[in-house]
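Position one of the sequence shown corresponds to residue 36 (our numbering), numbered consecutively onward.
Note that the Cβ used here is the ideal one computed from N, Cα and C, for glycine as well.
Notes to accompany the following structure.
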Amino acid sequence: MAKSVRFDRQLETMLEEAADALGVSQSKLIREAIAEKCREVLRPPLSQSLAPVIGRIHSKGGRARHTGVAFKRALLGKRAK
36 MAKSVRFDRQ
46 LETMLEEAAD
56 ALGVSQSKLI
66 REAIAEKCRE
76 VLRPPLSQSL
86 APVIGRIHSK
96 GGRARHTGVA
106 FKRALLGKRA
116 K
């Protein structure tokens with residue numbers, strides 16, 4: 036399906052240079068850029084993508100429970116210098 040799009044001179048120049056640098060036609064570059072932007076906009080939220088695994092892993096914490104203590108110690112050590 037053909038579409039008509041107007042570009043200002045700066046965007047036209049950027050399009051020409053980018054297409055040349057990539058070794059593709061301007062039409063191909065435009066199609067790929069639009070497809071990428073549409074996928075970005077229409078992508079489901081991360082919470083939906085992670086829903087099958089959220090809450091599936093249970094642990095007792097281990098060393099991770101003590102990261103706050105180590106972080107505090109590191110911050111206090113930096114202030115003392």
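Check your understanding: What are the boundary residues of the alpha helix (DSSP H) that residue 72 is part of?
Key -> Segment 61 to 77, the alpha helix (DSSP H) holding residue 72.
Point to revise | Beta-carbon proximity list for residue 53, same chain, < 7 Å, skipping 5 on both sides | key: Closer than 7 Å at the Cβ level, and outside the excluded window around residue 53, lie 64.
Review point. How is residue 86 classed by DSSP in three states: helix, strand or coil?
Key: Three-state result, residue 86: coil.
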